Amino acid sequence: MKIVNYMLVFIAVTAIGMIYDRYSKKFYPDEELDKYNLVKKYLLNESESLEGKPFLWVHTKHAINARDWESFNSRNSKKLNQPYKDLCVESIVNHCSESFKICLIDDSSFEKIIPDWTIQMDGLAEPVKDKVRILALTKLLHTYGGMLVPNSTIVLKDLKPLYNEKVTNNKMFTGEMANKSDSNTYSRFGPTHKLLGCLRGCPVIKDLSEYLEILVSSDNTDQSNFEGNINRYIRKLMKDGKCNIICGKGLGTKNKKNEVILIDNLLESSGLGLCMCSLFCIILPDEDILNRTKYQWFARLNHMQVLEANTQASKFLLISRGR
Numbered sequence: 032m033k034i035v036n037y038m039l040v041f042i043a044v045t046a047i048g049m050i051y052d053r054y055s056k057k058f059y060p061d062e063e064l065d066k067y068n069l070v071k072k073y074l075l076n077e078s079e080s081l082e083g084k085p086f087l088w089v090h091t092k093h094a095i096n097a098r099d100w101e102s103f104n105s106r107n108s109k110k111l112n113q114p115y116k117d118l119c120v121e122s123i124v125n126h127c128s129e130s131f132k133i134c135l136i137d138d139s140s141f142e143k144i145i146p147d148w149t150i151q152m153d154g155l156a157e158p159v160k161d162k163v164r165i166l167a168l169t170k171l172l173h174t175y176g177g178m179l180v181p182n183s184t185i186v187l188k189d190l191k192p193l194y195n196e197k198v199t200n201n202k203m204f205t206g207e208m209a210n211k212s213d214s215n216t217y218s219r220f221g222p223t224h225k226l227l228g229c230l231r232g233c234p235v236i237k238d239l240s241e242y243l244e245i246l247v248s249s250d251n252t253d254q255s256n257f258e259g260n261i262n263r264y265i266r267k268l269m270k271d272g273k274c275n276i277i278c279g280k281g282l283g284t285k286n287k288k289n290e291v292i293l294i295d296n297l298l299e300s301s302g303l304g305l306c307m308c309s310l311f312c313i314i315l316p317d318e319d320i321l322n323r324t325k326y327q328w329f330a331r332l333n334h335m336q337v338l339e340a341n342t343q344a345s346k347f348l349l350i351s352r353g354r
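Numbering (the numbering used here), first residue to last: 32 to 354.
This is the structure in structure tokens:
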């Protein structure tokens, strides 16, 4: 009799388990899939809650560095460890959150929000990773539209007027920055892939993305030559009337006299001679800060030290905070 009772209990528990399993699959979908669907629902659907705002994309790459050790035995970290960038992102949020949907992303975001993206960024080494990252960002813009700005941008006022002006006729747009990759073949200034923008589904950004796919698969040169190829292609799109450009006076890369603003100017105390009536933001050349030994100290400063430093960059960070 006891054996029969045990069997009945076992059958009952098994049946309940099977019913619960079916219920849970129906009402509690896979957690990772659920997260992915939630992101797609937010980004892909034209929900009323999004209020028709364009996206403002701010990408951060987490390179291994030794600026702030996690422990004595592990003398490197994947944390950003550049506090001035926190202040830059804060300025972006403070001045643009009412006009844009601000999306802070990193390399791990691509597989979650770019349809059919299968490349595992963690498995790539530099400089290939940097090249694929640029490709991913152009695909992101084609899929969702919006504006891509560096995370080292000090925003002083809303960027929406710039965006609205430059996406007319479904063109893409870029920003005017110091020409480093073309060896002054054309001029002291040139377009950049670091600041791009377009409407969703823009055919011009798709053109650029397809060019990058070919370039990534066939280009074995170093990163500087690769970026030079990209910027030359953007220049070609401009020449063909398909791409607009934001004047460097609006981005803090050019002064009133049409001179280039360099990191040397931004990290000293002397005035920059900027055209304040045209100025929307100042893009700090973050690679120069990290790569030039003379200026690496700025990346190590904490938030308070950045704001108190006797530099033009610090001055404009204070201005962005209303001080």
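Each residue gets a CB set at the ideal place from its N, CA and C atoms; glycine is no exception. If you're wondering where the values come from, they're calculated on a predicted model, not measured in any experiment.
Cα-Cα separation between residue i and residue j, rounded to whole angstroms
{"i": "Glu318", "j": "Ile294", "result": "10 Å"}
{"i": "Pro234", "j": "Arg354", "result": "42 Å"}
{"i": "Tyr264", "j": "Ile245", "result": "13 Å"}
{"i": "Arg323", "j": "Pro114", "result": "18 Å"}
{"i": "Leu298", "j": "Lys270", "result": "34 Å"}
{"i": "Ile126", "j": "Leu187", "result": "A small fix is needed here, since residue 126 is His in this sequence, not Ile. About 7 Å."}
{"i": "Met335", "j": "Lys116", "result": "13 Å"}
{"i": "Asn220", "j": "Leu305", "result": "Inspection of the sequence shows that residue 220 is occupied by Phe rather than by Asn. Taking the straight line joining both Cα atoms gives about 16 Å."}
{"i": "Glu290", "j": "Cys274", "result": "23 Å"}
{"i": "Lys327", "j": "Leu321", "result": "One point to set straight first is that residue 327 is Gln, not Lys, in the sequence displayed. Each residue's alpha carbon lies about 5 Å from the other."}
{"i": "Asp189", "j": "Lys325", "result": "33 Å"}
{"i": "Ala330", "j": "Ile261", "result": "28 Å"}
{"i": "Ser249", "j": "Asn201", "result": "29 Å"}
{"i": "Ala5", "j": "Leu332", "result": "For the chain, the structure presents residues 32 to 354; residue 5 sits outside this window and is missing."}
{"i": "Ser130", "j": "Tyr194", "result": "10 Å"}
{"i": "Phe204", "j": "Lys143", "result": "25 Å"}
{"i": "Ile145", "j": "Ile292", "result": "35 Å"}
{"i": "Thr174", "j": "Leu243", "result": "16 Å"}
{"i": "Met307", "j": "Ser351", "result": "13 Å"}
{"i": "Leu87", "j": "Ser128", "result": "9 Å"}
{"i": "Gly83", "j": "Lys211", "result": "37 Å"}
{"i": "Glu241", "j": "Gly302", "result": "42 Å"}
{"i": "Met152", "j": "Thr169", "result": "16 Å"}
{"i": "Ala156", "j": "Asn256", "result": "17 Å"}
Beta-carbon separation (whole angstroms), residue i vs residue j, contact threshold 8 Å
{"i": "Ile314", "j": "Met178", "result": "13 Å between Cβ atoms; not a contact."}
{"i": "Gly228", "j": "Val198", "result": "6 Å"}
{"i": "Ser309", "j": "Lys280", "result": "4 Å"}
{"i": "Asp138", "j": "Lys92", "result": "6 Å"}
Opening and closing residue of the beta strand (DSSP E) in which residue i lies
{"i": "Ile136", "result": "132-136"}
{"i": "Asn275", "result": "274-277"}
{"i": "Ile294", "result": "Careful: Ile294 lies outside any beta strand (DSSP E), inside the alpha helix (DSSP H) at 294-297."}
Residue i in three-state terms, based on DSSP
{"i": "Val198", "result": "coil"}
{"i": "Ile245", "result": "helix"}
{"i": "Met335", "result": "helix"}
{"i": "Asn286", "result": "coil"}
{"i": "Met152", "result": "helix"}
{"i": "Lys225", "result": "strand"}
{"i": "Ile145", "result": "coil"}
{"i": "His173", "result": "helix"}
{"i": "Asn182", "result": "coil"}
{"i": "Leu87", "result": "strand"}
{"i": "Phe329", "result": "helix"}
{"i": "Phe311", "result": "coil"}
{"i": "Lys57", "result": "Any reading at Lys57 must be qualified, since the residue scores a pLDDT of 44, below 50, and its modelled position is unreliable; the value itself is stated next. Helix at Lys57."}
Neighbour flag for residue i against chain C, beta carbons, 9 Å
{"i": "Gly281", "result": "The structure shown contains no chain C; it holds only a single protein chain."}
C-beta atoms of residue i and residue j nearer than 9 Å
{"i": "Cys278", "j": "Val180", "result": "no"}
{"i": "Leu172", "j": "Ile133", "result": "no"}
{"i": "Thr184", "j": "Ser122", "result": "yes"}
{"i": "Asn286", "j": "Gln343", "result": "no"}
{"i": "Lys191", "j": "Pro85", "result": "yes"}
{"i": "Leu230", "j": "Gly176", "result": "yes"}
{"i": "Val89", "j": "Lys162", "result": "no"}
{"i": "Leu135", "j": "Val120", "result": "yes"}
{"i": "Leu118", "j": "Leu348", "result": "yes"}
{"i": "Leu282", "j": "Gly232", "result": "no"}
{"i": "Glu258", "j": "Ile165", "result": "yes"}
{"i": "Pro222", "j": "Ile276", "result": "yes"}
Limits of the unbroken alpha helix (DSSP H) element including residue i
{"i": "Phe347", "result": "343-351"}
{"i": "Glu207", "result": "Counting along the chain, Glu207 falls outside any alpha helix (DSSP H), though it belongs to the beta strand (DSSP E) covering 203-209."}
{"i": "His126", "result": "114-127"}
{"i": "Glu318", "result": "317-322"}
Contact test: residue i Cβ vs the ligand HEM heavy atom, cutoff 8 Å
{"i": "Arg263", "result": "With respect to the ligand HEM, the structure shown offers nothing to examine, as it has no ligands at all."}
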